[in-house]
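If you use the UniProt record's numbering, the first sequence corresponds to residues 1 to 135, in order. Built from N, CA and C at the ideal position, the CB exists for glycine as well. Heads up, the thing below is written out as structure tokens.
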Amino acid sequence: MNYWLMKSEPDVFSYDDLVERGKAEWDGVRNHAAQLNMKAMRKGDLSIFYHSNIGVEAVGVMEIVEEAAPDSTDDTGKWIAVHVAPKEKLPKPVTLKTMKADPALSGMVMLRQSRLSVSPLSEAEFRHILALAKA
DNA sequence: GCCAACGTTGGC
DNA sequence: GCCAACGTTGGC
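Rendered as structure tokens:
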């Protein structure tokens, strides 16, 4: 099982929107590195849902429920998307500031490449973020 | 609103 | 194939 972190601007699509919908296509990703990460996702993988721009914090956990398939918002046929479903809302959001300040998370890909919208997490990083959310 | 990081485009 | 110009993302 692998772990991921995916970003969305909450005024466009928030974790609560995902909860309301129950299941959603993670579409609109137009970056090759992020696409490669999505192609590597397997059913059952878990991902942190992160709110960029507004909030700037990890807010929930979601599960990959369908692996890479053509992005329905793309008419060139070049881009893929996965489907996700909400798993757990974090009891307390974990802010970017907190993650940056935590030595246990210093290797996080997202911290090193802030513009990458879909990035991998190690199992230790994933568990650590959950622990921070419950502290 | 500004700016840094970085991806893409296009001229050569 | 290089690199300058430009656009976008995302934090502050």
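Query                                                                                                                                             : Result
Leaving out five residues before and five after Y50 in sequence, what residues of the same chain have Cβ atoms less than 8 angstroms from its Cβ? : L5, M6, K7, S8, E57, A58, V59, M110
Bridge partners for H83 per DSSP, in chain order?                                                                                                 : E25, E66
With a cut-off of 8 angstroms on the beta carbons, I'd call V118 and A34 a contact; round off their distance for me.                              : 4 angstroms
Quick one: what's got a C-beta closer than 8 angstroms to K43's C-beta in the same chain, skipping five residues either side?                     : I64, V65, E66, E67
So T73 and D27 are supposed to be a Cβ contact under 8 angstroms. How far apart are they, rounded?                                                : 5 angstroms
Out of E88, V82, E125, point me to the one whose CA is closest to K100's CA.                                                                      : E125
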